[in-house]
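**Student:** Before anything else, here's the structure in question.
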Amino acid sequence: MTQGGRFEFLHSGISVTDLRRSIDWYGRHFGFQVVREFEKEALEVKAAVLELGGFTLEVLAPFEPDVRKKTKGPLSHHLRSTGTNHLALLADDVADCFEQFQQEGIEIVSPLLDGRIFFCKDPDGTLIEIKQK
């Protein structure tokens, strides 16, 4: 049974090790804008909500970098590893983006496939698909 019409996409969330670094990285390389930043003491997490073209990305980081030893909040289990499966973004000029990312030293994990798509990684290893509009 499908739930068509009952649900809408809200956001995609990723766990990171360094909130500031990730905010800067997603802003600099893709143009994400910070909508808000917040901390949830009860969850022992700090977060930022980023937006790009109607897409919302929630970036979460534990209060303590070594979450396995120090964080006891309800989300600690989910913050023990970073990332998600992948994020997919559309680019106006994927070939230019590919070249620019190579020059900037971003980890690219695939060739430019059919001149339309490639995959790279963010600083925490989250896979990002870049596809031609």
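For the record, in the sequence shown the residue sitting at position 115 is 115 according to the UniProt record's numbering, with numbers rising by one throughout. Note that beta-carbon positions come from the ideal geometry of N, C-alpha and C, so glycine has one too.
1. Quick check on DSSP: helix, strand or coil for L60?
2. Indicate whether Q132 and A91 have their beta-carbon atoms separated by less than 8 Å.
3. Taking P62 as the reference, which of D24, L19, Q33 and G13 has the closest Cα?
4. Relative to the C-alpha of residue 206, which residue among E99, F32 and E129 is closest?
5. Roughly how many angstroms separate the alpha carbons of Q33 and H11, rounded to a whole number?
6. With a Cβ-Cβ cutoff of 8 Å, do Y26 and L50 count as a contact?
7. Is the beta carbon of L52 less than 8 Å from the beta carbon of F30?
8. Indicate the three-state DSSP secondary structure (helix, strand or coil) for I14 in the structure shown.
**Tutor:** Result, derived from the coordinates:
1. strand
2. yes
3. L19
4. With the chain running from 1 to 133 in the structure shown, residue 206 is simply not present.
5. 14 Å
6. yes
7. yes
8. strand
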